[in-house]
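The next block holds one structure in the form of structure tokens; read it before the comments.
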Amino acid sequence: MKKSSLKIIIIMLVTLGVSSCKDAAKQSETSAPKLALTPAQEAVAYTVKTDLSTIGWLGSKPVGTHTGTINVKNGVFYLQGTAIESGKFLIDMNTITVTDLDQNSGKESLESHLKGTVEGKEGDFFNVLKYPTATFV
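Numbered according to my numbering, the sequence shown spans residues 29 to 165.
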């Protein structure tokens with residue numbers, strides 16, 4: 029289970045990086061602290077548009093896979109030229125959604141299991157009652 033969780037997190041982060049860079053032409057400065065760079069190397073801050081951003085995830089097990097999304101609460105990343113310098117993202121773990129199952133095919137059951145809201149299985153994956161957000165730096 030721990031390897032699956034790590035795979036899910038890695039896939040989510042790659043997807044977040046790709047989706048956050050989609051609209052790079054529209055920049056916006058933030059009040060987040062800037063990196064200590066010389067003026068010639070100043071990084072540009074991009075704020076994640078949370079209404080347009082989701083993290084896609086893929087979880088696998090020996091007998092199949094599942095896909096879904098998680099919402100980003102807020103985030104910012106710094107770009108110097110075309111290179112990402114740094115960033116910080118707050119992820120709303122309560123928004124874990126399974127996208128490959130229908131309502132009557134175990135969708136709610138899997139979402140509850142992933143969120144850790146099933147009694148006795150809180151520690152299997154994300155335990156959103158104890159850890160409602162995740163931070164990726």
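Quick reminder that beta carbons are idealized off the backbone N, C-alpha and C, glycines included. What you are looking at is a predicted structure, and each value in this text was computed from that prediction instead of being measured.
Original post:
If we count Cβ pairs, one from each stretch, closer than 8 Å, do we get three or more for the segment 74-84 versus the segment 94-112?
Top reply: yes
**OP:** Please state whether DSSP places Lys143 in a helix, a strand or coil.
**Re:** Here residue 143 corresponds to residue number 115 of the sequence shown, with the count starting at 1. DSSP places Lys143 in helix when its eight states are reduced to three.
Original post:
Among Ile119, Leu118, Asn132 and Asn155, which has the Cα closest to the Cα of Ser140?
Top reply: The residue given as residue 140 occupies position 112 in the sequence shown. Of Ile119, Leu118, Asn132 and Asn155, the residue nearest in Cα terms is Asn155.
Original post:
Thinking just about the alpha-carbon of each residue, which of Asp128, Val165, Lys143 and Ile119 is nearest to the one in Leu157?
Top reply: Here the question's residue 157 lines up with position 129 in the sequence shown. Of the candidates Asp128, Val165, Lys143 and Ile119, the one whose C-alpha sits nearest the C-alpha of Leu157 is Lys143.
Original post:
In the structure shown, what three-state DSSP assignment does Leu118 receive?
Top reply: Taking the first residue of the sequence shown as 1, we reach residue 118 at position 90. Note: Leu118 maps to strand in three-state DSSP.
**OP:** With DSSP collapsed to three states, give me the class of Glu70.
**Re:** Numbered from its first residue, the sequence shown carries residue 70 at position 42. In the structure shown, Glu70 sits in coil (DSSP, three-state: anything other than H, G, I, E or B).
**OP:** Have a look at the DSSP bridge pairing and note the partners of Thr78.
**Re:** Translated into the one-based positions of the sequence shown, residue 78 becomes position 50. Note: Thr78 sits in no beta bridge, so no partner.
**OP:** For Leu107, name the three-state secondary structure that DSSP assigns.
**Re:** Walking along the sequence shown from the start, residue 107 turns up at place 79. Leu107 falls in the strand class under three-state DSSP.
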